[in-house]
Amino acid sequence: MPRPIPWRRPDHTSPLIWLVAIVCAILAVASIVAGVVIFAIYMIYQPKTRLRPIGLLGVEIAVTVAAENDNAKADASFSDARFALEFRGVEVAELRAGAVDVPKNSSYPWIMW
Numbered sequence: 013m014p015r016p017i018p019w020r021r022p023d024h025t026s027p028l029i030w031l032v033a034i035v036c037a038i039l040a041v042a043s044i045v046a047g048v049v050i051f052a053i054y055m056i057y058q059p060k061t062r063l064r065p066i067g068l069l070g071v072e073i074a075v076t077v078a079a080e081n082d083n084a085k086a087d088a089s090f091s092d093a094r095f096a097l098e099f100r101g102v103e104v105a106e107l108r109a110g111a112v113d114v115p116k117n118s119s120y121p122w123i124m125w
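Position one of the sequence shown corresponds to residue 13 (my numbering), numbered consecutively onward.
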């Protein structure tokens with residue numbers, strides 16, 4: 013009689029192995045479906061969250077100030093104008109502008125970069 017080979021597997025698979033394989037397959041499919049559903053909900057609603065940067069954030073801002081002169085008899089001039097730009101109570105920039113003359117009874121758009 014031939015000797016059985018010790019590392020040879022049996023000819024049939026145990027029902028316990030089948031049960032574990034089915035449970036793993038169900039979990040894999042469920043996690044894929046859940047991921048697709050969560051991604052679809054995120055894409056539909058697209059929440060507007062404020063990002064908190066780590067480090068410096070570069071921003072370009074153009075500010076337009078309308079200098080108005082309601083006086084019909086005299087010209088107006090503005091010199092050494094300074095504007096503080098604040099974010100949540102913290103001054104982050106200071107805008108300085110040169111001298112500007114505003115004609116009688118008109119306005120002047122003052123664009124600062």
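From the three backbone atoms N, C-alpha and C, an ideal C-beta is built for every residue, glycine too.
Take residue i as the anchor and find which of the options has the nearest alpha-carbon.
i       : options                          : result
Val-104 : Tyr-54, Ile-73, Ala-93           : Ile-73
Asn-81  : Asn-117, Ala-109, Arg-94         : Asn-117
Asp-92  : Gly-101, Gly-110, Asn-83, Ala-79 : Gly-110
Phe-99  : Ala-84, Ile-34, Val-71           : Val-71
If you drop the 5 nearest sequence neighbours on each side, which residues of the same chain put their C-beta closer than 7 Å to that of residue i?
i       : result
Ala-96  : Glu-103, Glu-106
Pro-121 : Thr-76, Ala-78
Leu-28  : none
Checking the sheet assignment: what are the DSSP bridge partners for residue i?
i       : result
Asp-23  : Per DSSP, none; premise fails for Asp-23.
Glu-72  : Beta-bridge pairing links Glu-72 to no other residue.
Leu-107 : Phe-95
Val-102 : Phe-99
Asp-113 : Ser-89
Would you please state the rounded distance, in angstroms, between the beta carbons of residue i and residue j? I believe it to be under 8 Å.
i      : j       : result
Val-75 : Phe-90  : Not a contact, Cβ separation roughly 14 Å.
Ala-3  : Ser-119 : Absent from the model: residue 3. The displayed extent of the chain is 13 to 125, so no value can be given.
Could you name the residues of the same chain whose beta carbon sits closer than 8 Å to that of residue i, not counting the 5 residues immediately before and after it, in chain order?
i       : result
Val-114 : Ala-79, Glu-80, Asn-81, Asp-87, Ala-88, Ser-89, Phe-90, Tyr-120
Tell me which same chain residues have a C-beta within less than 6 Å of the C-beta of residue i, skipping the five on either side of it?
i       : result
Gly-101 : none
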